[in-house]
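The numbering used here puts the first residue of the sequence shown at 54, with every later residue one more than the last.
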Amino acid sequence: MKIEILKQTENYYNEKIRTFGATSRGVDWNSEESQKIRFDQLSKVLQYKNKQKISICDYGCGYGSYYEYLKEKDYSFCYTGMDIANDMIECANKKYGTREDAIFIHGSEIDKEYDYIISSGIFNVRQKISDKVWTEYIIETLKRFHRYSKRGFSFNILTKYSDLEYKKDYLYYADPLFYFDYVKRNFSRNICLIHDYDLYEFTILVRK
């Protein structure tokens, strides 16, 4: 089932980037503004002192817009972007692939440790996969985030508290309390649930 999930996801996002290019719509977000709001929340997990360089894996990096965000915010970092959609990685390499502090990888398997893993939007589009199977896929992915992050990770998901008229059948709407409880019990005592930034989603920060 995991292979089918990854195949569907790759096809979905390849189609988006081909249609809309390196824009927020190309990674299936409504606007550049909402994309930056998400990055602000996810980045709250990042902690470092005296400009000490941190390693970051942007899991589901799209065309690399989070890398640009980190540069604008003047973080000191070494960045790895990873995405299942090959067209996304090709676009990211064209934009940022020559940078000394960035590398982009086509794939879904993390095989080394990073200080932090950041993931935005990868759990939203379940398409025809059932909620039960999709939830199991999310949990397995979070286990990998925990295994390969030394200092923490963060992720976001659409919330089940979204207004009914805006919900779509092919999207996954999660119970934020379920995921808070799971990561609290299984990964760390230091967990933060953020649900106050005026988008139909929540962000969870896991600090170790």
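All C-beta atoms in this analysis are idealised placements derived from N, C-alpha and C, irrespective of residue type, glycine included.
The Cβ neighbour count for S173, taken over all protein chains shown within 10 Å, is at least 16; the residue is labelled buried. For a cut-off of 8 angstroms, the C-beta gap from S108 to Y167 is around 5 angstroms, short enough to register as a contact.
When only Cα atoms are considered, I192 and Y232 end up about 9 angstroms apart. Counting only residues of its own chain and dropping the five nearest sequence neighbours on each side, H199 has a CB closer than 6 angstroms to the CB of F240. The alpha carbon of H248 has as its nearest neighbour, out of P229, C144, S202, the alpha carbon of P229.
Under the three-state reduction of DSSP, E193 is assigned to helix.
Between E85 and E125, the alpha-carbon positions lie close to 14 angstroms from each other. Between Y101 and S118, the CB-CB gap reaches or exceeds 8 angstroms. The beta carbons of V178 and L224 sit about 6 angstroms from each other, so the pair counts as a contact at 8 angstroms. Annotation: N177 is outside any beta strand (DSSP E) and is labelled neither H nor E by DSSP.
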